[in-house]
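Worksheet: one structure, shown below.
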Amino acid sequence: MAQKITKRDQDYSQWYLDVVKEAKLAEHSPVRGCMVIRPTGMALWENMRQGLDTMFKDTGHENAYFPLFIPKSFLSKEAQHVEGFAKECAVITHSRLKSVDGGVEVDPESRLEEELIVRPTSETIIWDTYRGWIQSYRDLPILINQWANVVRWEMRTRLFLRTMEFLWQEGHTAHATQKEAEEETLQMLEVYRTFAQDFMAMPVITGVKTESERFAGAVETYCIEALMQDGKALQAGTSHFLGQNFAKAFDVKFQDKDGELKLVWATSWGVSTRLIGGLIMTHSDDNGLVIPPKLAPTQVVIVPIYRNDEQRESVAEYGNAILSELKSLGVRAKLDNRDNYKPGFKFAEHEAQGIPLRIAVGPRDVENNNVELARRDTLSKSFESRDGIGEFVKNLLGTIQTDLFETARKRRDEMTSEVESYDEFKKVLNEKGGFIYAHWDGTAETEELIKQQTKATIRCIPFDKTEEGSCMVTGKPSKQKVLFAKAY
RNA sequence: CGGGGAGUGGCGCAGCCCGGUAGCGCAUUCGCUUUGGGAGCGAAGGGUCGCAGGUUCAAAUCCUGUCUCCCCGACCA
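Going from the first sequence to our numbering is simple: count from 1 and add 110.
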């Protein structure tokens, strides 16, 4: 029997872990800080990947793949970049083991001349490669994405939200002009925003990071920020305008139309399996995971109910016909005809796995020519006619998708405050949490002070909060409010 | 890296103080009865108690060392 899930309001961390476990998404591996993504979790990631990949292709990008290992020297070429990542790199120093009475140990003879770094991100190896690909303005732009795993030696990990190794995509583009690169950066931010909202049903705030939160090596970092149900923010994706930093570091120049030799402009952008963590914490409840229909590996599950073999057959026939109808309409449906579990158990299990819609069919339904429909998001049940059930379900899935977004947006809005003073800020942060808009003087010192005193950080400087005011801490003039929250 | 907690069948735990070489619940397998919200009964299989030393006639239990994981902080997608 599945273990009960800890109440969400009681212990949010435990609740989160329970949901992940009960939904069979992932589990801790024996390797410190790493996770095993189970088939259910992988199917979800694959759907997310497909949605994103289509959007990348639609905006002119192609996929490629670069090596996992990066020569140590590459990492030292961009000063800011090194500083940001040096402290969390896995380093390969040797190439083989040797047997020593029953066990193995590292063969000291095999020490590498130059150590290899397991990529924490691929800017360096990619820009080293781009140097060879770019000579003329005709070679630009280069619009490439890579689906890969990366490793960051994190101190403390949490399933999906922060693991030592994680799956992600990283886009790396090269452009002839600053304007084009900046437009690309914002375009991809918009792709992320659209994906988060339309596929994940997760509302996000877009904006630009402060200098202290900026990606190591970027000129400007843009982000999407989501709010979790416990009132903490999650950085769900980033898009960086890299300026000419990497072009300078890796000497990537092109000859322009005017004959001049110029440095290339760059962007990079990425989202990771962390999105799954965001998805969980945006929609799920005490019964387990809730997945929006667009991303659900299984959108509809049909549960047959019967008392004897005769009923079993008629119900199976009835259920299979519905299954075929749903499949023919492109609905991802399955029939749960396992005989070793009772319906109640299956209901609970499907709910824990977040399947958006359940259809229960029993002898009564066969007789009355109807079905019992249960929505995962609202946990409400209704009886619907068997006739036209395919179209009905298809529409309902669409409704669930938009309802999930609306519910999440409403919750986010209710958890968003605007304050005018630092006292009010601290009060709201302690009593309510969530997103808080407040004026800030734009200095790193004030930002750090607020962080030290309240643990809240500036999640982003949003695009749409222009209004004159004065910093809630120092009273210095401010052109706009910025978005604060405690964050994951 | 600092503070706390924990390592005992697949999972969750008890036993440890006060040594006598393992037990409970769930899961698994088989059988019968069940099936509209996490089924019941009966039987069976499965663990040298994280690892390494030490004390002892005897160690899950006491001592020393060590590794790992989880939680809270600092750092980060």
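Think of the CB as a built atom: it goes at the ideal place given N, C-alpha and C, for glycine as much as any other residue.
Local conformation of residue i per DSSP, three classes
i: Tyr240; result: helix
i: Asp395; result: strand
i: Ile432; result: helix
i: Thr267; result: coil
i: Ser232; result: coil
i: Val260; result: strand
i: Arg448; result: coil
i: Thr316; result: strand
i: Lys134; result: coil
i: His171; result: coil
i: Gln409; result: coil
i: Tyr332; result: strand
i: Lys589; result: strand
i: Asn418; result: coil
i: Thr383; result: coil
i: Leu277; result: strand
i: Gly161; result: helix
i: Met111; result: A caution first: Met111 carries a pLDDT of 35, below 50, which makes its placement in the model unreliable, though a value can still be read off. If DSSP states are grouped into helix, strand and coil, Met111 belongs with coil.
Rounded distance between the beta-carbons of residue j and residue i, thought under 8 angstroms
i: Phe136; j: Val129; result: Inspection of the sequence shows that residue 136 is occupied by Ala rather than by Phe. Wrong, their Cβ atoms sit about 11 angstroms apart, outside the cutoff.
i: Leu593; j: Gly317; result: 6 angstroms
i: Trp155; j: Thr383; result: 6 angstroms
i: Met525; j: Gly543; result: 7 angstroms
i: Ala291; j: Ala376; result: 6 angstroms
i: Val476; j: Ser424; result: 6 angstroms
i: Ala470; j: Val400; result: Contact flag wrong, Cβ pair sits at about 19 angstroms.
i: Gly398; j: Ala343; result: The pair is not a contact, with the Cβ atoms about 23 angstroms apart (cut-off 8 angstroms).
Euclidean distance between Cα positions of residue i and residue j
i: Ser394; j: Asp238; result: 43 angstroms
i: Ile227; j: Ser183; result: 9 angstroms
i: Lys114; j: Lys456; result: 14 angstroms
i: Glu224; j: Pro181; result: 7 angstroms
i: Leu445; j: Ala484; result: 15 angstroms
i: Arg262; j: Pro466; result: 34 angstroms
i: Gln160; j: Gln345; result: 21 angstroms
i: Lys131; j: Phe276; result: 18 angstroms
i: Ala336; j: Asn540; result: 19 angstroms
i: Pro587; j: Thr295; result: 29 angstroms
i: Tyr416; j: Arg448; result: 12 angstroms
i: Thr517; j: Leu489; result: 14 angstroms
i: Gly472; j: Asn430; result: 13 angstroms
i: Met338; j: Asn418; result: 46 angstroms
i: Asp487; j: Arg521; result: 14 angstroms
i: Glu321; j: Pro572; result: 14 angstroms
i: Glu198; j: Glu293; result: 31 angstroms
i: Gly242; j: Ser209; result: 42 angstroms
i: Gln279; j: Gln421; result: 49 angstroms
i: Tyr602; j: Glu494; result: Nothing can be reported for residue 602, as the shown portion of the chain is limited to 111 through 598.
i: Gly353; j: Gly151; result: 36 angstroms
Own chain, CB closer than 6 angstroms to residue i, minus 5 neighbours either side, in chain order
i: Trp379; result: Gly281, Met298, Ser349
i: Gln365; result: Ser246, Leu371
i: Asn259; result: Glu275, Leu277
i: Val411; result: Lys444, Asp446, His460, Ile465, Arg468
Close Cβ partners of residue i (< 7 angstroms) along its chain, the five nearest in sequence each way excluded
i: Gly143; result: Glu264, Thr267, Thr273, Met274
i: Thr169; result: Gln297, Val301
i: Arg496; result: Asn479, Asn480, Val481
Cutoff 8 angstroms; reference residue i; Cβ partners in own chain excluding five residues on either side
i: Lys117; result: Trp125, Asp396
i: Lys367; result: Tyr247
Residue i: CB within 7 angstroms of a non-hydrogen atom of the ligand ADP
i: Ala189; result: Among the ligands in the structure shown, none appear at all, so the ligand ADP cannot be discussed.
(message) Below 8 angstroms, how does it come out for the region 202-217 and the region 358-377: are there three or more Cβ pairs, yes or no?
(response) no
(message) Taking 8 angstroms as the cut-off, does the region 305-312 touch the region 401-413 (at least 3 CB pairs, one atom from each stretch)?
(response) yes
(message) With three or more beta-carbon pairs closer than 8 angstroms as the criterion, would you say the region 245-254 touches the region 172-180?
(response) yes
(message) With three or more C-beta pairs closer than 8 angstroms as the rule, is the region 158-171 touching the region 327-344?
(response) no
(message) Across the region 502-509 and the region 381-389, are there enough close Cβ pairs to call them in contact, namely three or more that are closer than 8 angstroms?
(response) no
(request) Please confirm if the region 559-569 is in contact with the region 524-540, defined as three or more CB-CB distances below 8 angstroms between the two stretches. (result) yes
(request) Check whether the region 551-562 touches the region 573-586, counting contact only when three or more Cβ pairs, one atom from each stretch, lie closer than 8 angstroms. (result) yes
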